[in-house]
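Working notes, beginning with the structure itself.
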Amino acid sequence: MKDTFEVAGVRTTAGSPTLKDYVPTRDAVVAARLRRAGAVVLGKTNVPPWAADWQSYNDVFGASNNPWALGRTPGGSTGGGAAALAAGLTYLEPGSDIGGSIRVPAHFCGVYGHKPTRGVVPMRGHIPPPPGTPPGPPPLLPVAGPLARSAADLRAALEVLGGPDEEDAPAYRWSLPPARGTRLADYRIGFVLDDPACRVSSDVGDVLARTIEALRRAGVKLEEGWPKGVVPAQQYDTYLYLLNSVFAFNLRDDQVEEMRKRAENQDGSYAAKQALAWTAPFKHFSAAAGRRNAASAVWQEYFRAHDAFLLPTAFVAAFPHDHSPRMFERRLATPEGPRQYLDLLFWISFATLTGLPATTAPIGLTRDGLPVGIQIVGPYLEDATPIDVAGRLADVIGGFTPPKGF
Amino acid sequence: MLDARHLTRRSFLGGGLASVGATLLPARASRAAVADLDFASALEVARAIRRGDVSSVELTTRSPATPRSREPARPTRRALGVTGGGRSTACRAP
Numbered sequence: 430m431k432d433t434f435e436v437a438g439v440r441t442t443a444g445s446p447t448l449k450d451y452v453p454t455r456d457a458v459v460a461a462r463l464r465r466a467g468a469v470v471l472g473k474t475n476v477p478p479w480a481a482d483w484q485s486y487n488d489v490f491g492a493s494n495n496p497w498a499l500g501r502t503p504g505g506s507t508g509g510g511a512a513a514l515a516a517g518l519t520y521l522e523p524g525s526d527i528g529g530s531i532r533v534p535a536h537f538c539g540v541y542g543h544k545p546t547r548g549v550v551p552m553r554g555h556i557p558p559p560p561g562t563p564p565g566p567p568p569l570l571p572v573a574g575p576l577a578r579s580a581a582d583l584r585a586a587l588e589v590l591g592g593p594d595e596e597d598a599p600a601y602r603w604s605l606p607p608a609r610g611t612r613l614a615d616y617r618i619g620f621v622l623d624d625p626a627c628r629v630s631s632d633v634g635d636v637l638a639r640t641i642e643a644l645r646r647a648g649v650k651l652e653e654g655w656p657k658g659v660v661p662a663q664q665y666d667t668y669l670y671l672l673n674s675v676f677a678f679n680l681r682d683d684q685v686e687e688m689r690k691r692a693e694n695q696d697g698s699y700a701a702k703q704a705l706a707w708t709a710p711f712k713h714f715s716a717a718a719g720r721r722n723a724a725s726a727v728w729q730e731y732f733r734a735h736d737a738f739l740l741p742t743a744f745v746a747a748f749p750h751d752h753s754p755r756m757f758e759r760r761l762a763t764p765e766g767p768r769q770y771l772d773l774l775f776w777i778s779f780a781t782l783t784g785l786p787a788t789t790a791p792i793g794l795t796r797d798g799l800p801v802g803i804q805i806v807g808p809y810l811e812d813a814t815p816i817d818v819a820g821r822l823a824d825v826i827g828g829f830t831p832p833k834g835f
Numbered sequence: 005m006l007d008a009r010h011l012t013r014r015s016f017l018g019g020g021l022a023s024v025g026a027t028l029l030p031a032r033a034s035r036a037a038v039a040d041l042d043f044a045s046a047l048e049v050a051r052a053i054r055r056g057d058v059s060s061v062e063l064t065t066r067s068p069a070t071p072r073s074r075e076p077a078r079p080t081r082r083a084l085g086v087t088g089g090g091r092s093t094a095c096r097a098p
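Which chain is which? The protein sequence lines are E and V, in order. Take 430 as the starting number for the first sequence in the working numbering and just add one per residue. Take 5 as the starting number for the second sequence in the working numbering and just add one per residue.
In C-alpha cells:
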C-alpha cells in the first residue's frame with residue numbers, strides 16, 4: 430500500500446517527517462475497497478515527502494532503490510510500490526498520479542501502471558492533501574489507480590477501486606465500458622515517439638520504435654502524428670499552469686510577494702512559470718481551465734476515429750539517485766547530453782490535463798538493461814481499452830520480466 | 005496443538021504460525037511452489053488460492069519475509085552513487 434493512502438491503525442506518513450507518528454483511524458477509500466475485495470495489506474511502500482518527486486526517498490524511511498539497478502531510483506512517487514512489484518514482494522499496488530507518479534515508476538521498474546480517467550477512483554483518504562481535509566468533488570488533476578505485473582490485474586483492480594464515494598453513491602453508478610477491440614488488429618492506434626518540445630533519449634527511443642514495428646507486423650492500423658488540433662507545447666504549458674496552481678494554496682503572504690518579483694521575468698524556465706501560476710490573478714486560472722476543456726474536446730474528437738494513442742512515458746529510463754535539494758537545478762544525463770529534471774512532466778502531461786485514462790506497459794530494455802514502458806492513452810471513461818491494448822501488446826513484445834538476480 | 009496462552013508474538017511469527025498452518029490447513033504447496041508464485045500476477049495467485057494450491061496465510065507470511073532475504077548487502081549512499089544530500093524543495097509535482 431503506497432504510504433500516501435490512509436490505513437486504519439497503520440502509520441501513514443506520506444514520506445513526511447511531520448507525519449511520522451500519524452496513525453489514521455479510518456481507511457482511505459482505496460484501502461477500504463481493496464480490503465473489502467479480500468486483499469491483505471502486507472505493508473506500506475516508500476514515497477517522497479508529500480509524494481512530490483520522481484525519486485522515493487525521505488527522512489523517515491530513507492531511499493528506495495530500483496531492483497534493476499540499485500544505484501538508480503525506482504521512480505516516484507509510487508516508487509517503493511513499483512520496486513516491490515518488480516522485485517516480487519507484492520502482487521498489487523495502489524498508486525496515485527498528478528505528475529506521472531503511477532506511470533513513471535512503472536516505466537522505470539518494468540511493471541504495468543494505470544492512471545484512470547479523472548474522478549473514477551475516489552481520492553478520499555489520500556495524502557496530500559493533509560489528513561483531515563474534508564472530502565470534495567474530484568480534484569482537478571490527481572487520480573488514484575493500480576500498478577501490477579499484468580494488464581489483467583490492472584483491470585481487476587480498477588473494477589474494485591472504481592465508483593463514486595459515499596456522498597455520491599446514492600445517485601451515481603459507475604461501470605467500466607468494455608474494451609473497443611478483442612484482438613490487436615481491431616484497433617486504430619495513433620502514436621508519437623518524439624517531439625521537439627521534449628526530445629526522447631535515443632536509448633529509450635530505440636525500444637519504443639521496436640514496439641511500433643511489432644504492432645505493425647501484428648496488423649494494427651497505425652497512424653503517426655499528434656491528433657489534429659493538439660499543439661503539444663501549448664497543452665503542456667496549460668498543464669504546468671494548472672499543476673502549479675494546485676500547490677499555491679499554502680503559500681505564505683511573504684512568499685507570494687517574493688514570487689511576484691520572480692514572475693515578472695518570464696524567461697521560459699520552470700521556476701518562472703511556477704511563480705506566475707502562484708501569483709497571477711484568478712482570471713488567468715479560469716482561462717487555463719477553459720483551455721483544458723478545449724484540449725479535452727480535441728482529444729475526445731480524436732477518439733471518435735481512433736481507439737488509443739501511444740507515446741513515451743518519459744524521455745529517459747531510470748536515472749541515478751540524485752538527492753540534491755533544488756529540483757529546478759537537477760539535470761538528467763542522456764546519450765544526447767544533460768536535460769532538465771522537470772522535463773519529466775512533459776510526456777505524462779497530456780493525459781493528466783485532459784483527465785484521460787493512460788496505461789504504461791513494459792516493452793523491453795535499453796542497451797544498458799533498464800526497463801522502458803510505453804504510455805497508452807485511451808478515450809474518456811473507456812479505461813478498459815488502453816488496458817486491453819497493454820495486455821495484447823505483451824503477446825507481441827513480451828510483458829513483465831523479473832530483474833536479473835530476483 | 006499450540007497453546008495460545010503460551011504463544012508469544014515472536015514464537016507465533018517464527019514457528020507457531022507454520023505449526024498452526026500445518027494443523028489447521030489442508031496439505032498445501034511446498035515452500036518452493038509458494039516461491040514460484042513470487043512473480044505471478046494477482047489474478048493467478050487468486051486462482052491458486054481458490055484451487056487450494058496455496059493459502060493466503062502461506063503467501064502473506066512469505067511476502068513480508070522476502071524483502072530481507074532479497075536485499076543485497078545494505079549498500080551505502082556512496083556505493084549507490086547518491087548525489088546531493090537534502091530534501092527536495094522545488095515544487096510539489098509528481
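Built from N, CA and C at the ideal position, the CB exists for glycine as well.
query: If we count Cβ pairs, one from each stretch, closer than 8 Å, do we get three or more for the segment 477-495 of chain E versus the segment 440-453 of chain E?
result: Under the Cβ criterion (8 Å, minimum of three pairs), the segment 477-495 of chain E counts as touching the segment 440-453 of chain E.
query: Quick one: does VAL86 (chain V) have its CB under 8 Å from some CB of chain E?
result: Cβ-Cβ to chain E under 8 Å: yes for VAL86 (chain V).
message: Against chain E, with Cβ distances strictly below 8 Å, would ALA46 (chain V) count as a contact?
response: Residue contact with chain E for ALA46 (chain V): present (Cβ-Cβ distance below 8 Å to some residue of chain E).
query: Between the segment 717-736 of chain E and the segment 669-686 of chain E, do at least 3 Cβ pairs fall closer than 8 Å?
result: These segments touch.
Among E:SER493, E:MET756, E:PRO767, nearest to PHE744 (chain E) - alpha-carbon criterion: Nearest C-alpha to PHE744 (chain E): E:PRO767.
task: Check whether the Cβ of SER485 (chain E) lies closer than 8 Å to any Cβ atom in chain V.
output: Answer no: the Cβ-Cβ gap between SER485 (chain E) and chain V never drops below 8 Å.
query: What did DSSP end up calling ASP824 (chain E) once you bin it into helix, strand or coil?
result: Reduced to three states, the DSSP call for ASP824 (chain E) is helix.
query: With a cut-off of 8 Å, does the C-beta of ALA492 (chain E) fall near any C-beta of chain V?
result: Cβ-Cβ to chain V under 8 Å: yes for ALA492 (chain E).
Distance, LEU785 (chain E) Cα to VAL649 (chain E) Cα: In a straight line, the C-alpha of VAL649 (chain E) is about 22 Å away from that of LEU785 (chain E).
- request: Give a yes or no on whether the minimum CB-CB distance between ARG821 (chain E) and chain V is below 8 Å.
  value: No, because no Cβ of chain V sits closer than 8 Å to the Cβ of ARG821 (chain E).
- request: Over the uninterrupted alpha helix (DSSP H) stretch that includes PHE676 (chain E), give me the two end residues.
  value: Run containing PHE676 (chain E): none; DSSP gives neither H nor E here.
- request: Only counting runs of 4 or more residues, tell me where the alpha helix (DSSP H) segments fall wholly within the segment 530-557 of chain E, in order along the chain.
  value: Listed in chain order, the complete alpha helix (DSSP H) runs (minimum 4 residues) inside the segment 530-557 of chain E are 532-538.
Sequence ranges, beta strand (DSSP E) only - wholly within the segment 584-622 of chain E, length at least 3: At a cut-off of 3 residues, the continuous stretches assigned as beta strand (DSSP E) that sit fully inside the segment 584-622 of chain E are 617-620.
- prompt: Taking the C-alpha atoms as reference points, what is the distance between LEU794 (chain E) and LEU822 (chain E)?
  reply: Each residue's Cα considered, the two are about 15 Å apart.
query: In terms of residues, what are the limits of the alpha helix (DSSP H) holding SER525 (chain E)?
result: Bounds of any alpha helix (DSSP H) do not take in SER525 (chain E); it lies within the beta strand (DSSP E) bounded by 521-526.
field: is_contact[LEU651 (chain E), chain V] using C-beta, thresh 8 Å
entry: Answer no: the Cβ-Cβ gap between LEU651 (chain E) and chain V never drops below 8 Å.
query: Is GLY505 (chain E) buried or exposed, if buried means 16 or more other CB atoms sit within 10 Å of its CB?
result: By the 10 Å Cβ count, GLY505 (chain E) comes out buried.
is_contact[TYR731 (chain E), chain V] using C-beta, thresh 8 Å: No - not a single Cβ of chain V is within 8 Å of the one on TYR731 (chain E).
task: Pull up the distance between the alpha-carbon of ARG464 (chain E) and that of LEU637 (chain E), whole angstroms please.
output: Approximately 37 Å between the Cα atoms of the pair.
message: At the 8 Å Cβ level, is ASP582 (chain E) part of the contact set with chain V, yes or no?
response: Yes, contact with chain V.
- request: Compare the C-beta of VAL439 (chain E) with all C-beta atoms of chain V and state if any pair is closer than 8 Å.
  value: With respect to chain V, the C-beta atom of VAL439 (chain E) has no partner C-beta closer than 8 Å.
Three-state secondary structure (DSSP) of ASN722 (chain E): It is helical.
query: When the Cα atoms are used, what is the spatial distance from VAL572 (chain E) to VAL459 (chain E)?
result: Their Cα atoms are separated by approximately 11 Å.
task: Please report the Cβ distance between GLU730 (chain E) and SER630 (chain E), rounded to the nearest whole angstrom; I am assuming they are in contact, meaning their Cβ atoms lie under 8 Å.
output: Incorrect: roughly 32 Å between the Cβ atoms, too far for contact.
- prompt: When DSSP labels each residue in this structure, what does THR788 (chain E) get in the three-state scheme?
  reply: In this structure, THR788 (chain E) counts as strand in the three-state DSSP scheme.
Sequence-distant residues of the same chain with beta carbon closer than 6 Å to ARG617 (chain E), five excluded per side: Hits under 6 Å: LYS650, HIS735, ASP736.
- prompt: Relative to the ligand MN, is the shortest distance from any of its heavy atoms to the C-beta of MET756 (chain E) smaller than 7 Å?
  reply: Summarising the ligand content, the structure contains no ligands, and the ligand MN is consequently not present.
query: In this structure, does DSSP put LYS833 (chain E) in helix, strand or coil?
result: The DSSP-derived three-state label of LYS833 (chain E) is coil.
- prompt: With burial defined as no fewer than 16 other Cβ atoms inside 10 Å of the residue's Cβ, what is the status of GLN663 (chain E): buried or exposed?
  reply: Taking every protein chain shown into account, the CB of GLN663 (chain E) has fewer than 16 other CB atoms within 10 angstroms, so this residue is exposed.
message: Residues in the same chain with beta-carbon distance under 7 Å from GLY634 (chain E), minus the five sequence neighbours each way, listed in chain order, please.
response: When the five nearest sequence neighbours on each side are left out, the beta carbons in the same chain lying within less than 7 Å of the beta carbon of GLY634 (chain E) are those of LEU622, ASP623, in order along the chain.
query: Can you list, in chain order, the residues of the segment 740-765 of chain E whose Cβ is nearer than 9 Å to any Cβ on chain V?
result: So the list reads PRO749, HIS750, ASP751, HIS752, SER753, PRO754, ARG755, MET756, PHE757, GLU758, ARG759, given in the order they occur along the chain.
Residues within the segment 557-580 of chain E neighbouring chain V, beta-carbon criterion of under 7 Å: Of all residues in the segment 557-580 of chain E, ALA577, ARG578, SER579 have a Cβ within less than 7 Å of some Cβ in chain V.
Residues that ASN495 (chain E) bridges to, as DSSP identifies them: Looking at the DSSP assignment, ASN495 (chain E) forms a beta bridge with E:ALA498.
- prompt: To which residues of the same chain is ARG9 (chain V) closer than 6 Å at the C-beta, ignoring the five residues directly before and after it?
  reply: Residue placement at ARG9 (chain V) is poorly supported in this model, since its pLDDT is 37, which falls under 50; the coordinates are not used for a value here.
message: Going by beta-carbon coordinates alone, are ASP597 (chain E) and ARG553 (chain E) separated by less than 8 Å?
response: No, they are not a contact pair.
field: Residue range of the alpha helix (DSSP H) that includes ALA701 (chain E)
entry: Counting along the chain, the alpha helix (DSSP H) containing ALA701 (chain E) begins and ends at 699-708.
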